[in-house]
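In the working numbering, the protein residues as written are 2 to 410.
Yeah, the Cβ is synthetic: ideal placement off N, Cα and C, and Gly gets one too.
For clarity, every value in this text was computed on a predicted model and none was experimentally measured.
Contents: one structure, followed by commentary.
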């Protein structure tokens, strides 16, 4: 990153903060229902469910703020969506104290992986075209969902899309905040979102004494570690790399692992660097100057902490928003990232085919052996690269011409 002035204007704070807010809304409104499903399967009381929300929200908030401030990059952390999805089935057959013990073991695993440096060395050897193709494949479904919701609520999608096009034409920087405000006004006026019954209540942490067992180690800790590593850490790191941010994975693994370790006794499942929601905050739509996008990481952390303090109340608030609104908002917010990822994937003619293989295999989103499509898309691309080009070279990641030009702005 080039050095820039330390002074920040109101505009510098506004745009990244809105990108962060959109990411938080998408995260809670789109995937947090899985936490409630897992809590119900585990038979947790409302107090223990609130403690889970408190601990994981504050955990990702604090770690995201620290990492973003320390490295001046938008390093946003979040819970593992595929990991929580796995817990929906795992908690049905695992006593909750043993699950807490499994969370602790997984967190320790991430700490040691960060200390070893092995994961960072692997990330550095992934060809940039494959990394961009992986990201584009992951985000493709979100872009499609921006328009797929027209089958459910065509008027809402048309209103958001038309607003986005007009705002991009006249005030590109504020297009996302514009459609967020217009969408909320539309939902309230059409009585599709009723916030009148929402009451603020502060959540309190509940300490659970962890228990350790071989069943929880093999049936929860190990799968959760693998799913989180392949389904969240890998794409999350490549999101950062794709937009030119080069902080090592080692401190990110270490800090999120330590945070997960401290939060686990209060119910938090392991958390990690964000992928999908991070992509909303790492691109040009968050701020034209890459050196000021770290503000989005700070703002995200603050929003997460606020949600954590009020626990179930604000989580329920986000879930009042219709799924079509969340999906369309996320898809439109990610259009720029999807486009730049595809452009970066196809920039190098020699690596175009393997990047395309990675993109298509990832977009297919095939789950095998309980491991998601992002991992198998990466495997397909790397295998194709080795077979066609023969080998990898050390530290292959370089910024594309587009990214280099952006960094010089």
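1. Mind checking residue 173: buried by the 16 CB within 10 Å criterion, or exposed?
2. Grouping DSSP H, G and I as helix and E and B as strand, with all else coil, what is residue 343?
3. Assuming residue 233 contacts residue 69 (C-beta within less than 8 angstroms), just tell me the rounded distance between them.
4. Would you list the one or two residues that DSSP bridges to residue 283?
5. Rank 179, 381, 358, 101 by C-alpha distance to the C-alpha of residue 216 and give the top, closest one.
6. Examine the Cβ distances between the segment 263-272 and the segment 305-312 and report whether three or more of them are shorter than 8 angstroms.
7. Going by other Cβ atoms of all chains shown within 10 Å of its Cβ, with 16 needed for buried, is residue 140 buried or exposed?
8. Around the Cβ of residue 341, are there at least 16 other Cβ atoms within 10 angstroms (buried) or fewer (exposed)?
9. Leaving out five residues on either side along the sequence, give the residues of the same chain with a beta carbon under 6 angstroms from the beta carbon of residue 188.
10. Residue 179: buried (16+ other C-beta within 10 angstroms of its C-beta) or exposed?
11. Take residue 250 and list the residues in its own chain whose beta-carbon comes closer than 6 angstroms to its own, dropping the five residues that flank it on each side.
12. Which whole-angstrom value describes the C-beta separation of residue 228 and residue 87, a residue pair presumed to lie in contact below a C-beta threshold of 8 angstroms?
13. In angstroms, rounded to a whole number, what distance separates the CA positions of residue 244 and residue 235?
14. How many angstroms separate the CA atom of residue 14 from the CA atom of residue 294?
15. I'd like the span of the alpha helix (DSSP H) that includes residue 222, first residue to last.
16. Just to confirm my understanding: we take residue 304, look at its own chain, exclude 5 residues before and 5 after, and list those with CB closer than 8 angstroms. What are they?
17. If you follow the alpha helix (DSSP H) that residue 274 is in, where does it begin and where does it stop?
18. Alpha helix (DSSP H) containing residue 325: first to last residue?
19. Return the chain-ordered list of same chain residues with a C-beta closer than 7 angstroms to the C-beta of residue 40, the five sequence neighbours on each side being excluded.
20. Please report how far the alpha carbon of residue 285 lies from the alpha carbon of residue 291, in whole angstroms.
21. Look at the alpha carbon of residue 116 and the alpha carbon of residue 154, and state the distance between them as a whole number of angstroms.
22. Who are residue 80's beta bridge partners in DSSP?
23. Could you say if the segment 129-146 and the segment 162-171 meet the contact criterion of at least three C-beta pairs nearer than 8 angstroms?
24. Where does residue 185 fall in DSSP's three states?
25. With a cut-off of 8 angstroms on the beta carbons, I'd call residue 257 and residue 273 a contact; round off their distance for me.
26. Just verifying my parser: in three-state terms, what is the DSSP assignment at residue 369?
27. Going by Cα to Cα distance, which pick from 38, 192, 262, 128 is closest to residue 112?
28. Measuring only the C-alpha atoms, how far is residue 59 from residue 351?
29. If you reduce the DSSP assignment to three classes, tell me which class residue 150 lands in.
30. Just the Cα atoms here: how many angstroms apart are residue 289 and residue 150?
31. Taking only beta-carbon positions, decide if residue 333 is within less than 8 angstroms of chain B.
32. Answer yes or no: do residue 360 and residue 231 have a C-beta to C-beta separation smaller than 8 angstroms?
33. Curious, which full-length alpha helix (DSSP H) runs of at least 4 residues does the segment 21-97 contain?
Reading off the structure:
1. By 1-based counting over the chain shown, the position of residue 173 is 172. Exposed, by the Cβ-count rule.
2. Counted from its first residue, the chain shown places residue 343 at position 342. Residue state, collapsed to three classes: helix.
3. Start at 1 with the first residue of the chain shown, and residue 233 comes out as number 232. Start at 1 with the first residue of the chain shown, and residue 69 comes out as number 68. Contact flag wrong, Cβ pair sits at about 17 angstroms.
4. Translated into positions along the chain shown, residue 283 becomes position 282. According to DSSP, residue 283 bridges with nothing at all.
5. The sequence position of residue 216 within the chain shown is 215, counting from 1. When only C-alpha atoms are compared, the closest one is 101.
6. no
7. Taking the chain shown and counting its residues from 1, one reaches residue 140 at position 139. Residue 140 is buried by the Cβ-count criterion.
8. Within the chain shown, residue 341 is the residue found at index 340, counting from 1. Per the 10 Å Cβ criterion, buried.
9. Stepping through the chain shown from its first residue, residue 188 is reached at position 187. Cβ within range, chain order: 194.
10. Position 178 of the chain shown, counting from 1, holds the residue named residue 179. The residue in question, residue 179, is buried, as its Cβ has 16 or more Cβ neighbours within 10 Å.
11. Within the chain shown, numbered from 1, the residue matching residue 250 stands at position 249. For residue 250, where only same-chain residues beyond five positions count, the Cβ hits under 6 angstroms are 120, 121, 124, 238.
12. Residue numbering aside, residue 228 sits at position 227 when the chain shown is read from its first letter. Residue numbering aside, residue 87 sits at position 86 when the chain shown is read from its first letter. Indeed, because the Cβ distance is near 5 angstroms, the residues count as touching under 8 angstroms.
13. Taking the first residue of the chain shown as 1, we reach residue 244 at position 243. Taking the first residue of the chain shown as 1, we reach residue 235 at position 234. Their Cα atoms are separated by approximately 15 angstroms.
14. As a working mapping, residue 14 is identified with position 13 in the chain shown. As a working mapping, residue 294 is identified with position 293 in the chain shown. Cα to Cα, residue 14 sits roughly 9 angstroms from residue 294.
15. Here the question's residue 222 lines up with position 221 in the chain shown. No alpha helix (DSSP H) holds residue 222; DSSP gives it neither H nor E.
16. For this step, residue 304 is matched to residue 303 along the chain shown. Only 21, 22, 25, 62 meet the Cβ criterion.
17. For this step, residue 274 is matched to residue 273 along the chain shown. First-last for residue 274: 272-274, but that is the beta strand (DSSP E), not the alpha helix (DSSP H).
18. Here residue 325 corresponds to residue number 324 of the chain shown, with the count starting at 1. Counting along the chain, the alpha helix (DSSP H) containing residue 325 begins and ends at 324-334.
19. Numbered from 1 along the chain shown, position 39 holds the residue referred to as residue 40. 50, 53, listed in sequence order.
20. By 1-based counting over the chain shown, the position of residue 285 is 284. By 1-based counting over the chain shown, the position of residue 291 is 290. Cα to Cα, residue 285 sits roughly 7 angstroms from residue 291.
21. The count along the chain shown starts at 1 and reaches residue 116 at position 115. The count along the chain shown starts at 1 and reaches residue 154 at position 153. Each residue's Cα considered, the two are about 49 angstroms apart.
22. Indexing the chain shown from 1 puts residue 80 at position 79. DSSP lists 272 as partners of residue 80.
23. no
24. Walking along the chain shown from the start, residue 185 turns up at place 184. Helix.
25. Here the question's residue 257 lines up with position 256 in the chain shown. Here the question's residue 273 lines up with position 272 in the chain shown. Yes, they are in contact, since the Cβ atoms of residue 257 and residue 273 sit about 5 angstroms apart, within 8 angstroms.
26. For the purposes of this step, residue 369 is taken as residue 368 along the chain shown, with counting starting at 1. The answer is strand: DSSP assigns residue 369 an E or B state.
27. By one-based count along the chain shown, residue 112 stands at place 111. Selected option, being the one with the closest Cα: 262.
28. Stepping through the chain shown from its first residue, residue 59 is reached at position 58. Stepping through the chain shown from its first residue, residue 351 is reached at position 350. Note on geometry: alpha-carbon atoms of residue 59 and residue 351 lie some 45 angstroms from one another.
29. Taking the first residue of the chain shown as 1, we reach residue 150 at position 149. Note: residue 150 maps to helix in three-state DSSP.
30. If you number the chain shown from 1, residue 289 lands on position 288. If you number the chain shown from 1, residue 150 lands on position 149. Cα to Cα, residue 289 sits roughly 30 angstroms from residue 150.
31. Among the chains in the structure shown there is no chain B, since it carries only a single protein chain.
32. By 1-based counting over the chain shown, the position of residue 360 is 359. By 1-based counting over the chain shown, the position of residue 231 is 230. Cβ atoms of residue 360 and residue 231: not closer than 8 angstroms.
33. 34-43, 47-72, 82-91
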